[in-house]
Structures are given as C-alpha cells and as structure tokens.
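The sequence shown: position 268 = 268 (UniProt numbering), numbered continuously.
Note that beta-carbon positions come from the ideal geometry of N, C-alpha and C, so glycine has one too.
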Amino acid sequence: MNTFFKSIMACGIATALYSCNPDYLGADNGPGNDNDPGNQTANEWSSQPYKLNVVYFLPQNTTAFTDFEERLSGILLQTQEFFAENLDREGFGRKSFGMELISQDMISIDIVEGQYEADHYPYSGGGSNIIPELEQYFATHQNRKKSEHTLVILPSTSGDSLNPGGVPFYGLGKYCFALDYPAMDIQYLGQSDVHGNLATKWIGGLIHELGHGLNASHNKERKSEQATLGTALMGGGNHTYGKTPTFITGASAATFANSQTFSTTSRTDWYQPVNHKIIKLRGKTENGNIIIDAKFESDLDVNDINIWHDPYPAGGNKDYDAPAWTVKPIGTDSLHIACPLTDFYTLEGEYQLRIRFYHENGTAKTYSYEYEFENGTPNIGIINTKELINRDGWSVIDADSEEDTGAASKMLDGDQSSVWHTEWKNSLPAHPHYFVLDMGSVTSVKGFAFANRSNLNGAIKDFELFGSNDNSTWQSLGNYTLQQVMNWQYIDLSSTQSYRYIKLVTANSYGNFNYTHLAELGAYVE
Numbered sequence: 001m002n003t004f005f006k007s008i009m010a011c012g013i014a015t016a017l018y019s020c021n022p023d024y025l026g027a028d029n030g031p032g033n034d035n036d037p038g039n040q041t042a043n044e045w046s047s048q049p050y051k052l053n054v055v056y057f058l059p060q061n062t063t064a065f066t067d068f069e070e071r072l073s074g075i076l077l078q079t080q081e082f083f084a085e086n087l088d089r090e091g092f093g094r095k096s097f098g099m100e101l102i103s104q105d106m107i108s109i110d111i112v113e114g115q116y117e118a119d120h121y122p123y124s125g126g127g128s129n130i131i132p133e134l135e136q137y138f139a140t141h142q143n144r145k146k147s148e149h150t151l152v153i154l155p156s157t158s159g160d161s162l163n164p165g166g167v168p169f170y171g172l173g174k175y176c177f178a179l180d181y182p183a184m185d186i187q188y189l190g191q192s193d194v195h196g197n198l199a200t201k202w203i204g205g206l207i208h209e210l211g212h213g214l215n216a217s218h219n220k221e222r223k224s225e226q227a228t229l230g231t232a233l234m235g236g237g238n239h240t241y242g243k244t245p246t247f248i249t250g251a252s253a254a255t256f257a258n259s260q261t262f263s264t265t266s267r268t269d270w271y272q273p274v275n276h277k278i279i280k281l282r283g284k285t286e287n288g289n290i291i292i293d294a295k296f297e298s299d300l301d302v303n304d305i306n307i308w309h310d311p312y313p314a315g316g317n318k319d320y321d322a323p324a325w326t327v328k329p330i331g332t333d334s335l336h337i338a339c340p341l342t343d344f345y346t347l348e349g350e351y352q353l354r355i356r357f358y359h360e361n362g363t364a365k366t367y368s369y370e371y372e373f374e375n376g377t378p379n380i381g382i383i384n385t386k387e388l389i390n391r392d393g394w395s396v397i398d399a400d401s402e403e404d405t406g407a408a409s410k411m412l413d414g415d416q417s418s419v420w421h422t423e424w425k426n427s428l429p430a431h432p433h434y435f436v437l438d439m440g441s442v443t444s445v446k447g448f449a450f451a452n453r454s455n456l457n458g459a460i461k462d463f464e465l466f467g468s469n470d471n472s473t474w475q476s477l478g479n480y481t482l483q484q485v486m487n488w489q490y491i492d493l494s495s496t497q498s499y500r501y502i503k504l505v506t507a508n509s510y511g512n513f514n515y516t517h518l519a520e521l522g523a524y525v526e
C-alpha cells in the first residue's frame, strides 16, 4: 500500500474549557466558553498508556482541505474536555480519551493515502474498504497504533462546500468515520447561520460517531434529564451540539469509563473473552418502578452494568429512543436497579430490555429480553428465569447440519451471541433439522429451556422432542412451539421424564426459512 505518515502541528488552537456551574456540568451547548490560550493547563490525559488513533485518509488524487490540522485539533481537544466534564458529573472523575499531542494545543495525526480513488470509498460500504488498508498500515507502522480505537476522517467528495458528504460517516466496531470540509471549525458552533448549522451537524456528528468508536450504543435522555441536561449525545445530540444543551448520559459515561483509551493503567487482556452468565433474573413492577434483580457469575470482575428499555422497533440503528440506566454491581455477583416509569416516553407496546455487563478488561456481555406494556403496566415478569440443571458433562453429539461458524456445541457455551446455525452459505438444506443432546447420564427433567440470538429470522418455531437411553430407540415427548423472542422460553413436558439422550427435530422456522438456529439450551426440574 502506498502510505505515508506525518505528525502535524496545529498552531494557535487552544483547548476549549468549560466554565459551567459544577451542578450543571455537561449541560452546556457542547463547546466551551474559554478559548484564551493563557488559561490553558497541561493536558491531563496525555500520559495515559492508550491513545485514540486519529487518521486523515486520502484517496488517490484527493487533497486535504486547508488548515485541517488546526481545525481538527481544535475540535478534538474541545471534545476531550466535553467528555471529561460529563464523566465527572456522572461520578467517574475527569476521565477522557487519550490523544498523542505534540504540544498542549496540537494533536498528532496520521495521514494515510488510500490505494484507490475516491469512488472506492463511498458512504455505503466505503468504511469496510478502508479498514483493511488501515490494518495493513498499522501492521507496518506498529508504533503508530496507540490503541484498538481509531477515528478516520476523509475530505468531503461532494464538491459543494455547503453540502458536504460522499464519504463514510458511521461507526464500524472500534473504527469510526467522519468527514472534513473547508469550514469545519469550532468557531462556527452556536451561530444561527449556514455555517453554524453545518458545524452542529458535522462536528456534532463526528463526536457522536466517535462515541460509537469508543464502544457506546445509542440511548436517549430520560424524561427527568431533559429539562436540566438537554439531549443525549448518543441519541439526537448530533443535531443539537453547539446549539442547545447536549450531554453524555450515565450509561454512555459508564461505557466510556471502561473503554481502553480512557484507562490510566496498562493491561494485556483488553477486550479478551470472559466467561459470564446470568444465573437468576427477576423483574417486577413496584411503586411505579420496573425493578430488575439478577445474580450472575463471571471469571473477571464487573465494573458497571447498563440497562436499556428500548421501545420497538428496537436494537441496532432503531435504539435512538431507548432511555438507559447504569449501576454498579452489588458485591461481585448481583444486580439491582429501579427504573421509574415516569422516565419512559411511552407506556404502551413492546419493549426490548438489554442488560450489559462491563468487565475490568473492557469486555461487554449483553443479554436481551422482550416484554410488553398491557394497559399501561409492563409484564416484566415474563423475563423471570428458572433455575437450570448444571450442564457440566453435557454435549451435542449429532446434528444434521452445521455452518462452519455455527457448531451445535455453541448451544452449551453460555453465550447468547454464539449459536448453532444450520448451513446457509454454500447450501440450504430444508427442514426437518435435528440435533442430539447427551446429558452424560440418565437425568430427570420437568422441561427444557431455550434462548434465541437477537436476530430472530429463522428461529425455531414448531418442533418435536424425543428421549432415549441408548441413542437408538426413541420415545416421543410431544410437539411444541417456541415464540419468536429472545427471552428464555420454558417448555414443560407432560410429566417428569428421565433420559440420557434428547433429540429435537424441527418442523419449520419463523419466516419459513430453510435454515434455523438456537443460541442456548438448558433443562430444569421444577
């Protein structure tokens, strides 16, 4: 790859510091009020071991816009302070992402020249084309990769300085993409003219996408926060930053506090897998609150727990309207949280509940459930779990079809995001599909428990269960139907049965797809 790098000095731009009342930190319009270089103090995050990688990506035959070094430094130094004030308000201290600086007023930027011309990197799909080139760049410039998180900025290719666009502008994992245009400058934030509107849209948008690149999901401010704090950055804040009060919610602050670039200590296991599972989950409505209690097990300490109540359509890019909460674990194994119904915007329809555990190495484990409001009351008890039989010694010994990434054994790994999936890449074998579970010895069960992944297309619908003690002669245990939900579902047998081997045979799946899948399988005695 034809690449080159230079560290850039952004002269004369001072970090914008806030002068808000301490009780109102983060509820400013976004940018700070004090641009006097004489008031600057040493950058308090420059000594952190991990830094945000900042890349200016130039497709072939493309040139950078004038003074982009100075302008981007002003934006990102101001953003650094914006994060610190908000995390401080939420109880995490003045934490912010680290950046490599040449001086207190200038950031270090990597300029990477792409292998192709601009039409190879459009808004749709362009980010996925850029990432492999940057991975190659970092592989050959290992000293330039300061963390797992990278902000990539491309010059607009629209040809219209007042209508920039044409390049990737979104988050993709720990990469996030934004654009540059000639007048992209913090000096225009707050103005009521075309340049002020563009600054809010594109600078606010950059900070929103940076939030994604630093691990944050969408969420909406709770109703009780609107009057004092304004609009959530990771909700609609990309349309308000610089104009009206915009802030980082507690849930987003917890996410950032557990992100690598915010850490003040080094570790070798950032984002490595953890073994984590919810052992018991209970939901109830009490005194105008949704109460969630849980017991969990983890081989690594949990620092923070986030909870989203997301009205349908939910998840993915449909979660801008999801109010969120954050709490610390109780001890090392318990969760308790009360979510006031007065903080919800609607008390009707279906909701997705998401619970996310942030571990000390930054790894997040997320569990999703569905519930519904009925006459203004949530049937939150539907998420309640049963105590399952210990699965040690269990194995799936046969399956008619497995995709190369969807082994049947994944139904027993305790991870709702990993699934048994029948073949679909090179062939699409039709129903019926089956698998055989070996419980290791004859086991008495009252019923079986099933959990789906978040994408419910192709989830098992109708099926039959069989039992055997020799894996040869099978006795039907009945025909059953699963719902198209992510919650644990419990299928009671007609009576307690004792078998070593269990076979499940599908009849169909939701959406009438030939393929099917299942995330988790368990059993219970009562």
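Local conformation of residue i per DSSP, three classes
i	result
N35	Interpretation of N35 is limited by its pLDDT of 34, a score under 50 that renders its predicted location unreliable; the figure taken from the coordinates is listed afterwards. The answer is coil: DSSP assigns N35 none of H, G, I, E or B.
A430	coil
V442	strand
T377	strand
S298	strand
G447	strand
G26	Residue confidence for G26 is low, a pLDDT of 35 falling below 50, so the modelled location carries little weight; the figure read from the coordinates is stated next. DSSP places G26 in coil when its eight states are reduced to three.
Y175	strand
D343	helix
K365	strand
N514	coil
K220	strand
G316	helix
L233	coil
Y188	helix
S409	helix
Element boundaries [beta strand (DSSP E), containing residue i]
i	result
W394	No beta strand (DSSP E) holds W394; DSSP gives it neither H nor E.
P59	53-60
S476	475-481
T326	324-327
P182	No beta strand (DSSP E) contains P182, which DSSP labels as neither H nor E.
P340	334-340
Y524	520-524
E464	462-468
Cβ pair residue i, residue j closer than 8 angstroms
i	j	result
Q104	I186	no
P114	P59	The residue asked about is misnamed: residue 114 is Gly in this sequence, not Pro. Cβ distance < 8 angstroms, so G114 and P59 count as in contact.
M234	H276	no
G467	Q497	yes
V152	Y175	yes
F296	D333	yes
I397	G522	no
N508	H431	yes
A399	F435	yes
N258	D304	yes
T261	K51	yes
Where residue i falls, given that 16 or more other Cβ within 10 Å makes a residue buried
i	result
T506	buried
N375	exposed
S224	exposed
I330	exposed
H359	buried
Q352	buried
I279	exposed
N86	buried
S494	exposed
A322	buried
Q142	exposed
Range of the contiguous alpha helix (DSSP H) that encloses residue i
i	result
V419	Counting along the chain, V419 falls outside any alpha helix (DSSP H), and DSSP gives it neither H nor E.
R453	Careful: R453 lies outside any alpha helix (DSSP H) and carries neither H nor E.
T506	Taken as a continuous stretch (DSSP letters only), T506 belongs to no alpha helix (DSSP H), being part of the beta strand (DSSP E) at 489-506.
E403	Per DSSP, E403 belongs to no alpha helix (DSSP H) and is neither H nor E.
E88	For the sequence presented, residue 88 should be read as Asp rather than Glu. Residues 68-89.
I355	Per DSSP, I355 belongs to no alpha helix (DSSP H); it is in the beta strand (DSSP E), 349-359.
H212	194-213
N229	Checking the sequence shown, residue 229 turns out to be Leu, not Asn. Element bounds for L229: 223-229.
CB contact check: residue i to chain D, cutoff 8 angstroms
i	result
T264	Within the model displayed, chain D is absent; a lone protein chain is all it includes.
Of all the alpha helix (DSSP H) runs that stay within the bounds of the segment 103-166, which reach a length of 4 or more residues?
126-140
Mind pulling the beta strand (DSSP E) runs of 3 or more residues that sit fully within the segment 240-286?
276-286
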